[in-house]
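Asker: Take this structure first; my questions come after.
Protein chains in written order, with this note's numbering: chain A, 1078 to 1210; chain B, 1078 to 1210.
So this is what it looks like as structure tokens:
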């Protein structure tokens, strides 16, 4: 079966968390869009705007990368833009994230990321955390 | 000057916070998209998926609507999809939000909302909180 837009979007989202978990700045850099401005809201931070600020922030985080896994990803395709909602397990914290992607030369590239804490117990019915290593 | 896509996006975002501040469920309902599935991540909650769950959640919140104002909105237009990042002042809490909109019969309609706490002091250089009443 050919890969659907939705499958490709979920795959791009997994690649994001794989780069995050590995602290791989080159991979992270490659995941972000170049054709449009990007933005990022890390947990507890305010927004970062523009590719330089966003990639620099990952460089800082990767100086001491936290253990992270991701689960319960849901793809939402809106034509040439898509977003994924998912749960992040970062150390002992449970976060919830919105990741926006745009099509760039056929690939889904990240345009925006927001993660913030959730107080609710995680639902495990949707599967175990994705294996990122 | 004709209204730009970006202006219209910011206007839709203000309408969202106006409905929120007023606890106006009919206005809130009208703001959300009907042509695509919608989702919503309230602060501390996990995701809500689908129009019924999302609108019901606003009904619950509007049973006891918190005082809210919004500032530092930035529009990010990606063709027929756009998103706004902004700061929310909810009671004593400072939150940061991502609001995704899609074009529906010419209007920007809300597709997704995520708000979460920020620990950073707010920058006031970008203006005072929007007047929502």
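Note that beta-carbon positions come from the ideal geometry of N, C-alpha and C, so glycine has one too. All values reported here derive from a predicted model rather than from experimental measurement.
Is the region 1115 to 1123 of chain A touching the region 1140 to 1158 of chain A in the sense that three or more CB pairs, one from each, lie closer than 8 Å?
Answerer: They do not touch, by the three-pair rule.
Asker: Mind pulling the chain B residues with CB within less than 7 Å of residue 1175/A?
Answerer: Here residue 1175/A is taken as the residue at index 98 of the first chain, counted from 1. Within 7 Å Cβ-Cβ: 1118, 1175, 1189 and 1191.
Asker: Taking all protein chains shown into account, do 16 or more other C-beta atoms lie within 10 angstroms of the C-beta of residue 1129/A, making it buried, or fewer, making it exposed?
Answerer: Sequence index remark: in the first chain, residue 1129/A carries index 52 (1-based). When all chains shown are included, residue 1129/A counts as exposed.
Asker: Does DSSP classify residue 1130/B as helix, strand or coil?
Answerer: The residue given as residue 1130/B occupies position 53 in the second chain. Residue 1130/B: helix per DSSP, three-state reduction.
Asker: Anything in the region 1101 to 1132 of chain A with a Cβ closer than 8 Å to a Cβ of chain B? List those residues in chain order, please.
Answerer: Going along the region 1101 to 1132 of chain A in chain order, one finds 1113, 1114, 1116, 1118, 1120, 1121, 1122, 1123, 1124 and 1126 with a Cβ nearer than 8 Å to chain B.
Asker: Under DSSP, the beta strand (DSSP E) around residue 1151/A begins and ends at which residues?
Answerer: Taking the first residue of the first chain as position 1, residue 1151/A is located at position 74. Taken as a continuous stretch (DSSP letters only), the beta strand (DSSP E) holding residue 1151/A covers 1145 to 1155.
Asker: Check whether the region 1151 to 1161 of chain A and the region 1169 to 1181 of chain A touch, using three or more Cβ-Cβ pairs below 8 Å as the test.
Answerer: The answer is yes - the region 1169 to 1181 of chain A touches the region 1151 to 1161 of chain A, with three or more Cβ pairs under 8 Å.
Asker: State yes or no: is the C-beta of residue 1161/A within less than 8 Å of the C-beta of residue 1151/A?
Answerer: Reading the first chain from its first residue, position 84 is the one you call residue 1161/A. Reading the first chain from its first residue, position 74 is the one you call residue 1151/A. Yes; because the gap between Cβ atoms is below 8 Å, this pair is in contact.
Asker: Which bits of chain B does residue 1155/A rub up against, with CB to CB less than 7 Å?
Answerer: In the first chain, residue 1155/A corresponds to position 78, counting from 1. By Cβ distance, chain B contributes 1113, 1158, 1179 and 1188.
Asker: Pull up the distance between the alpha-carbon of residue 1165/B and that of residue 1174/B, whole angstroms please.
Answerer: Stepping through the second chain from its first residue, residue 1165/B is reached at position 88. Stepping through the second chain from its first residue, residue 1174/B is reached at position 97. Whole-angstrom Cα-Cα distance: 7 Å.
Asker: Any residues in the region 1079 to 1103 of chain A with a beta carbon nearer than 7 Å to a beta carbon of chain B? Which ones, in chain order?
Answerer: Correct list: empty, as no residue qualifies.
Asker: For residue 1150/A, which residues in chain B fall below 8 Å Cβ to Cβ?
Answerer: Locating residue 1150/A in the first chain gives position 73, where the first residue counts as 1. The premise fails here: residue 1150/A is roughly 11 Å from chain B at the closest Cβ pair, so nothing lies under 8 Å.
Asker: Who are the Cβ neighbours of residue 1090/B in its own chain at under 7 Å, not counting the five residues just before and after it?
Answerer: For the purposes of this step, residue 1090/B is taken as the residue at position 13 of the second chain. Around residue 1090/B: 1150, 1161, 1163 and 1176.
Asker: Going straight from the alpha carbon of residue 1194/A to that of residue 1195/B, what length do you get?
Answerer: In the first chain, the residue the question calls residue 1194/A occupies position 117. In the second chain, the residue the question calls residue 1195/B occupies position 118. Distance between the alpha carbons of residue 1194/A and residue 1195/B: 10 Å.
Asker: Alpha carbon to alpha carbon, how far is residue 1100/B from residue 1080/B?
Answerer: Position 23 of the second chain, counted from the first residue, corresponds to residue 1100/B. Position 3 of the second chain, counted from the first residue, corresponds to residue 1080/B. Rounded to the nearest angstrom, the two C-alpha atoms are 28 Å apart.
Asker: Between residue 1170/A and chain B, is any beta-carbon pair separated by less than 8 Å?
Answerer: Counted from its first residue, the first chain places residue 1170/A at position 93. False, the Cβ-Cβ gap to chain B never drops below 8 Å.
Asker: What does residue 1194/A touch in chain B if you count any residue whose Cβ is under 8 Å from its own?
Answerer: For this step, residue 1194/A is matched to residue 117 along the first chain. Here the neighbours are 1121, 1193 and 1194.
Asker: Give the secondary structure of residue 1141/A by DSSP, where H, G and I count as helix, E and B as strand, and everything else as coil.
Answerer: To locate residue 1141/A, count along the first chain from 1; it is residue 64. In the structure shown, residue 1141/A sits in coil (DSSP, three-state: anything other than H, G, I, E or B).
Asker: Among the candidates 1084/A, 1105/A, 1094/A and 1078/A, whose CA atom is the shortest distance from the CA of residue 1148/A?
Answerer: Walking along the first chain from the start, residue 1148/A turns up at place 71. Out of 1084/A, 1105/A, 1094/A and 1078/A, 1094/A has the C-alpha closest to the C-alpha of residue 1148/A.
Asker: Taking 8 Å as the threshold (C-beta atoms), are residue 1086/B and residue 1135/B in contact?
Answerer: Counting from 1 along the second chain, the entry for residue 1135/B is found at position 58. Counting from 1 along the second chain, the entry for residue 1086/B is found at position 9. Going by C-beta atoms, residue 1135/B is not nearer than 8 Å to residue 1086/B.
Asker: Whose CA, out of 1098/B, 1185/B and 1171/B, lies closest to the CA of residue 1113/B?
Answerer: The count along the second chain starts at 1 and reaches residue 1113/B at position 36. Of the candidates 1098/B, 1185/B and 1171/B, the one whose C-alpha sits nearest the C-alpha of residue 1113/B is 1185/B.
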